[in-house]
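**Q** So the sequence shown is numbered by the UniProt record's numbering: it starts at 1 and just counts up by one. Just passing along the structure, written as C-alpha cells.
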Amino acid sequence: MVGRIPVIDVMPLLEAGPTEGPLPAKASLGEPFPVSATVFREGHDRLGAEVVLLSPDGVRRPPVRMRALPPRDRHTVDRYEAWVSADAEGPWSFEIHAWSDPIATWEHDAGIKIRASIDVELMFAEGRLLLERVIAESKLRKADLATVKAAITAASDTARPAEARLAQLESPELRAVLTAYPLRDLLTVEGPFPVYVDRTRALFGSWYELFPRSEGATYDPTTGEVVSGTFATAAERLPAVARMGFDVVYLPPIHPIGEVNRKGPNNAVLPEGEVTPADWTGSPWAIGSKDGGHDAVHPDLGTLEDFDAFVAAARELDLEVALDLALQCAPDHPWVSEHPEWFTTRADGSIAYAENPPKKYQDIYPLNFDNDPEGLAAEILRVVRHWMAHGVRIFRVDNPHTKPVAFWQWLLAEVRRTDPDVLFLAEAFTKPPMLQTLGAIGFHQSYTYFTWRVEKVDVEDYLREVSTESAHRIRPNFFVNTPDILHEFLQYGGPAAFRIRAVLASMSSPTWGMYAGYELGEHVAVRPGSEEYLDSEKYQIRVRDWPVATANGESNGNGIGLTAYVTRLNAIRRAHPALQLLRNLTVHPADEDHVICWSKTAVLPDGSSDRVVVVLNLDPHQPRETMVHLDLAALGLQPGSAFTVHDEVTGAEWTWGEHNYVRLEPSEPAHILTVKGHA
1 MVGRIPVIDV MPLLEAGPTE GPLPAKASLG EPFPVSATVF REGHDRLGAE
51 VVLLSPDGVR RPPVRMRALP PRDRHTVDRY EAWVSADAEG PWSFEIHAWS
101 DPIATWEHDA GIKIRASIDV ELMFAEGRLL LERVIAESKL RKADLATVKA
151 AITAASDTAR PAEARLAQLE SPELRAVLTA YPLRDLLTVE GPFPVYVDRT
201 RALFGSWYEL FPRSEGATYD PTTGEVVSGT FATAAERLPA VARMGFDVVY
251 LPPIHPIGEV NRKGPNNAVL PEGEVTPADW TGSPWAIGSK DGGHDAVHPD
301 LGTLEDFDAF VAAARELDLE VALDLALQCA PDHPWVSEHP EWFTTRADGS
351 IAYAENPPKK YQDIYPLNFD NDPEGLAAEI LRVVRHWMAH GVRIFRVDNP
401 HTKPVAFWQW LLAEVRRTDP DVLFLAEAFT KPPMLQTLGA IGFHQSYTYF
451 TWRVEKVDVE DYLREVSTES AHRIRPNFFV NTPDILHEFL QYGGPAAFRI
501 RAVLASMSSP TWGMYAGYEL GEHVAVRPGS EEYLDSEKYQ IRVRDWPVAT
551 ANGESNGNGI GLTAYVTRLN AIRRAHPALQ LLRNLTVHPA DEDHVICWSK
601 TAVLPDGSSD RVVVVLNLDP HQPRETMVHL DLAALGLQPG SAFTVHDEVT
651 GAEWTWGEHN YVRLEPSEPA HILTVKGHA
C-alpha cells in the first residue's frame, strides 16, 4: 500500500518474482553505494527523505539525508539519492524515510511573501513556532541551541527591518542546524530492503590463471616426451605471480582426467578404435577417471597433501587460491557408474555427451539436474565443502548458465549460511538475462562481455552499464584473455594491444584478471577467425621457460616490457582507493574516435579525495591526438579549476583544467593521472 508520502521505484532492489521477497543487492565492506527513490506528494508543500541502514544485528545507523537529483527527462523528476556504506560484513538492509518538511515549506513561502510585503508578521510568527518545535523535539547541542534561539529572537523583533530578520532566518548556520534536526510530519517508512555486504575481495582483486601441469613441466631428455608439472613445481611460480601484484591465483580443474574419448592437441579427436597416444594429456575439464572424481587430484600433480602445501605457499605470499568448479564428467567418472540417473540417457541407451552444434564434446557428459535433484545437489555441496576444508575460499564456476538457476541459489545460500567468506565467480558467457540473474541470486562476481568490447562507443557504453546500471546485481571481473578467448585484437594488435587491454581492464574494473602467457604477448590462434590459442593449454601441457621467455619478451618486441607493465598497473591499483571501487566511474568526452577517457574518485577517511583520470588510445597501430573535456564536478573540483596531474606510468606532470590536449603513442597508449591538487 502506498504511504502517506509516496516512495516508489526504490533502488537498489532486486525482484525475485511473485513467490518470494526481494533478493539482496550487492555491496562490499566499506564500499559506498547509492540508494535512490522517487519521492513526491500532493500539493506544493516541501518534503524530505533519508536513508537508514540496518546492521546485521538489527541496529539502525544514523540517517543519511537524500538530495534531490536534477531531472534528466520527464521520467526522472522527484528523484532523490544518498550514498551510504556498511562497516561490517553480513546481511544488511535499508529503509527510506520520507516526510512532509514544514521548515522547508516555510522557507520557500516566507522567502517569497516577506520580500513581497505579504503577510510579513504572520510569516515570522509561523517561523517562530516552527523553531520552537525544533527546540522542543530535538536534543540540540549548546551551540546549535543558541543559533535557533537567536533566530527566534530575530523573528520576533519587529523593530528591525523585515529583510534583516529574514536574512538571519535564512543564514547558512541556521540552515545547517535545521538540516541536522529536521521536523518530520506525516513520516512514511518504506522497507526494509535487503543488501548483502561481502568481504573486500568480492569487489577488489587481481586474478592470475595458470595450469599447474604446465608450471615446471619439462621434456624428458631420453624420450623427448613432456613431463607434467606438479603442485610443487607450480608453487615455484607463485613468487613471480605475487611480484606482479596479483591477489588471486586461479587453477583450472585439478582432478583426474577421463581416458575415454580423450581429446588431443588442438582439440584433436581420436579416430574410433585407435588407442589413445601417451602424449595426449586431455582436457582438465573432462573430469573423472579410475583415479577418482571431483574430490580427487590428478596423480600427475601430486596428492591432496601436495595441494595443501600449494595453498599454504600461496597464503604465505598473500595469494588466495581460486579453484574451478566444473559440474560435468568424463565418461569414466565414478558418478557415471554409481549414479547413472544424474545423466541423460538417449533413446539408444547411451549417455548423451555435451554438444553445442556443430561442436561436439565426446569427452564430457553433462549432468542432468531433473532426475535426482536432491541427491545430486547434496553431492555437489559435499564436493564444495571438501575443497573448502582444504583452504579454497574462492570458486570459479564453469558454465553455470547450463545448470538450473534454482540449484545455484540453493547451493550459494547453503555455503553463505555457514561460510560467508567463500566467494563464487560465474563464468557465464551467455545471454544478459541469465548473466544478470546468476549475479542476482548470489554469485559474487561474473565474467562479462568485456573481452569483445573494443570499439570506443561499445567500451564507453559498457563501462557505464557495469558501473551504474547493473552494479547492484553483478560485480564484473574483467579478464583480458582466457584459455578459450584470444580476441583478434590481441592476435593482430602487437604489444600495444596487450598494454591497451590491460589498462582498460585494470583501471576501469576493481577486479580484473589475465591468463598465463599474456605477459609474454602470446597471440597466435589455432586458425584465422578462431579465438582458440594454437597449442592450447586446454588440451596439452605448455612448457615455458619463464626466465628465458620473459627476457626474450622484454627485448624482441613480442610483448615489450609487459611483465613490468602489468606489475606497474597492479601497483597503481593498490595505491589508489578510487580504483578499488566500482560505482564511481565517470566517462569524459574525448574528440578523437579512438581515444577514451574516464575517471574514478573516492573520498578518503581524512576527508581528502583520491582522483584518478585515465586517457587511453584504443588504436594499437598509430598515435592519436585529441582534446579531452573533463567534467570537473564529477571530479569534485570547482568550475574553472586548474590542477596538477601526475602520470603514474611515466612520472611526468602537467597543469590541467577542463579542456586538455593529449597525444598518445601505441608504445605508451595511456595516461594514468593522479590529480595532485590545484596548480
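Here a beta-carbon is modelled for each residue, glycine too, at the ideal position from N, C-alpha and C.
Cβ of Y196 within 9 Å of Cβ of W92?
**A** Residue mapping note: residue 196 aligns to position 196 of the sequence shown, counting from 1. Residue mapping note: residue 92 aligns to position 92 of the sequence shown, counting from 1. Yes, the pair counts as a contact, with Cβ atoms nearer than the cut-off.
**Q** Checking 9 Å against the spacing of the C-beta atoms, do L381 and A314 come in under that value?
**A** For the purposes of this step, residue 381 is taken as the residue at position 381 of the sequence shown. For the purposes of this step, residue 314 is taken as the residue at position 314 of the sequence shown. Not closer than 9 Å, so no.
**Q** For the alpha helix (DSSP H) containing L169, name the first residue and the last one.
**A** By 1-based counting over the sequence shown, the position of residue 169 is 169. Element bounds for L169: 162-169.
**Q** Tell me the residue span of the beta strand (DSSP E) that contains A354.
**A** The residue you call residue 354 lines up with position 354 of the sequence shown. Looking at the DSSP string, the run of the beta strand (DSSP E) that includes A354 is 354-356.
**Q** Grouping DSSP H, G and I as helix and E and B as strand, with all else coil, what is D363?
**A** What you label residue 363 is simply residue 363 of the sequence shown in a count that begins at 1. Here D363 sits in coil by DSSP.
**Q** If we ignore side chains and look at the alpha-carbon of each, how far apart do G529 and Q491 end up?
**A** What you label residue 529 is simply residue 529 of the sequence shown in a count that begins at 1. What you label residue 491 is simply residue 491 of the sequence shown in a count that begins at 1. Their backbone Cα atoms lie some 10 Å apart in a straight line.
**Q** Anyone know if the C-beta pair for H339 and E379 falls short of 9 Å?
**A** Against the sequence shown, residue 339 aligns to sequence position 339. Against the sequence shown, residue 379 aligns to sequence position 379. Their beta carbons are under 9 Å apart, which means H339 touches E379 by this criterion.
**Q** Look up N556 in the DSSP assignment and say whether it is helix, strand or coil.
**A** Residue mapping note: residue 556 aligns to position 556 of the sequence shown, counting from 1. In this predicted model, N556 has a pLDDT of only 48, less than 50, meaning its place in the structure is not dependable; the value taken from the coordinates is given anyway. In this structure, N556 counts as coil in the three-state DSSP scheme.
**Q** Please check the pair A217 and I474, which I expect to be a contact at CB under 8 Å, by giving their CB distance rounded to whole angstroms.
**A** Working through the sequence shown from its first residue, we reach residue 217 at position 217. Working through the sequence shown from its first residue, we reach residue 474 at position 474. About 36 Å separates the two Cβ atoms, so there is no contact after all.
**Q** Identify every run of the alpha helix (DSSP H) within the region 112-144, keeping only runs that are complete inside it and at least 4 residues long; order them along the chain.
**A** With a minimum length of 4 residues, the continuous alpha helix (DSSP H) runs that stay inside the region 112-144 are 120-137.
**Q** Which stretch, first to last residue, makes up the beta strand (DSSP E) that contains L53?
**A** Translated into the one-based positions of the sequence shown, residue 53 becomes position 53. Segment 47-54, the beta strand (DSSP E) holding L53.
**Q** Kindly list the residues whose CB is nearer than 7 Å to the CB of residue 682, restricted to its own chain and excluding five residues on each side of it in sequence; keep chain order.
**A** Shown here, the chain extends from 1 to 679; a query on residue 682 therefore has no answer.
**Q** Rounding to the nearest angstrom, what Cα-Cα distance links N558 and P192 in this structure?
**A** Position 558 of the sequence shown holds residue 558. Position 192 of the sequence shown holds residue 192. Its pLDDT being 44, under 50, N558 is placed unreliably in this model, and the coordinates cannot settle the point.
**Q** Look up I394 in the DSSP assignment and give the residues it is bridged to.
**A** As a working note, residue 394 is residue 394 in the sequence shown. Answer is A322, L423.
**Q** Could you pull out every unbroken beta strand (DSSP E) segment of at least 3 residues lying fully inside the region 402-471, listed in chain order?
**A** Correct list: 423-427.
**Q** Please report how far the alpha carbon of N556 lies from the alpha carbon of V548, in whole angstroms.
**A** As a position in the sequence shown, residue 556 is number 556, starting the count at 1. As a position in the sequence shown, residue 548 is number 548, starting the count at 1. Low local confidence applies: a pLDDT of 48 at N556 is under 50, so the model's placement there is unreliable, with the coordinate-based value given in what follows. Spanning the two alpha carbons is a distance of roughly 12 Å.
**Q** Taking just the CA atoms, how far does S206 sit from L425?
**A** Within the sequence shown, numbered from 1, the residue matching residue 425 stands at position 425. Within the sequence shown, numbered from 1, the residue matching residue 206 stands at position 206. Cα to Cα, the separation comes out at about 13 Å.
**Q** According to DSSP, A602 sits in a beta bridge with which residue or residues?
**A** Here residue 602 refers to the residue found at position 602 when the sequence shown is read from its first residue. Partner(s): D610.
**Q** E190 lies in the beta strand (DSSP E); which residues open and close that run?
**A** Locating residue 190 in the sequence shown gives position 190, counting from the first residue. Per DSSP, E190 belongs to the beta strand (DSSP E) from 185-198.
**Q** DSSP three-state call for Q622: helix, strand or coil?
**A** The residue you call residue 622 lines up with position 622 of the sequence shown. Reduced to three states, the DSSP call for Q622 is coil.
**Q** I'd like to confirm the pairing. Which residues does DSSP put opposite W92 in its beta bridges?
**A** Against the sequence shown, residue 92 aligns to sequence position 92. Answer is V195, bridged to W92.
**Q** Report the rounded CA-to-CA distance for W512 versus T563, giving the unit in angstroms.
**A** If you number the sequence shown from 1, residue 512 lands on position 512. If you number the sequence shown from 1, residue 563 lands on position 563. Answer to the nearest angstrom: the Cα atoms are 16 Å apart.
**Q** To the nearest angstrom, how far is it from the Cα of L270 to the Cα of P256?
**A** Translated into the one-based positions of the sequence shown, residue 270 becomes position 270. Translated into the one-based positions of the sequence shown, residue 256 becomes position 256. About 20 Å.
**Q** Any chance you could list the alpha helix (DSSP H) runs of at least 4 consecutive residues sitting entirely within the region 514-560, in chain order?
**A** With a minimum length of 4 residues, the continuous alpha helix (DSSP H) runs that stay inside the region 514-560 are 546-555.
**Q** Ignore the nearest five residues each way along the sequence and tell me which others in T448's own chain have a CB closer than 6 Å to its CB.
**A** Numbered from its first residue, the sequence shown carries residue 448 at position 448. Around T448: P476.
**Q** Report, in whole angstroms, the separation of the C-beta atoms of A309 and F231, which I expect to be a contact under 8 Å.
**A** Stepping through the sequence shown from its first residue, residue 309 is reached at position 309. Stepping through the sequence shown from its first residue, residue 231 is reached at position 231. About 7 Å; that satisfies the 8 Å criterion.
**Q** Under a Cβ-count criterion, where at least 16 other Cβ atoms within 10 Å of its own Cβ denotes burial, should A347 be classed as buried or exposed?
**A** Position 347 of the sequence shown, counted from the first residue, corresponds to residue 347. Its Cβ having fewer than 16 others within 10 Å, A347 is exposed.
**Q** Can you give the beta carbon distance from L569 to V662, rounded, assuming they're within the 8 Å contact cut?
**A** Position 569 of the sequence shown, counted from the first residue, corresponds to residue 569. Position 662 of the sequence shown, counted from the first residue, corresponds to residue 662. That pair is no contact at about 19 Å.
**Q** What span of residues does the alpha helix (DSSP H) with P34 cover, start to end?
**A** Taking the sequence shown and counting its residues from 1, one reaches residue 34 at position 34. Taken as a continuous stretch (DSSP letters only), P34 belongs to no alpha helix (DSSP H), being part of the beta strand (DSSP E) at 33-39.
**Q** What's the gap between the Cα of E653 and the Cα of A575?
**A** Start at 1 with the first residue of the sequence shown, and residue 653 comes out as number 653. Start at 1 with the first residue of the sequence shown, and residue 575 comes out as number 575. Distance between the alpha carbons of E653 and A575 is about 18 Å.
**Q** Flag this pair as yes or no: are the beta carbons of H588 and H629 separated by less than 9 Å?
**A** As a position in the sequence shown, residue 588 is number 588, starting the count at 1. As a position in the sequence shown, residue 629 is number 629, starting the count at 1. Yes; because the gap between Cβ atoms is below 9 Å, this pair is in contact.
**Q** May I ask you to report which of helix, strand or coil DSSP gives P373?
**A** Residue 373 sits at position 373 when you count from the first residue of the sequence shown. Correct three-state label for P373: helix.
**Q** When DSSP builds the beta bridges, which residues end up paired with P102?
**A** Numbered from its first residue, the sequence shown carries residue 102 at position 102. P102 is not bridged to any residue.
**Q** Report, in whole angstroms, the separation of the C-beta atoms of S36 and R65, which I expect to be a contact under 8 Å.
**A** To locate residue 36, count along the sequence shown from 1; it is residue 36. To locate residue 65, count along the sequence shown from 1; it is residue 65. Not quite, the Cβ-Cβ distance comes to about 13 Å (not below 8 Å), so this is no contact.
**Q** Do F307 and H390 have their beta-carbon atoms positioned less than 9 Å apart in this structure?
**A** The residue you call residue 390 lines up with position 390 of the sequence shown. The residue you call residue 307 lines up with position 307 of the sequence shown. Yes; because the gap between Cβ atoms is below 9 Å, this pair is in contact.
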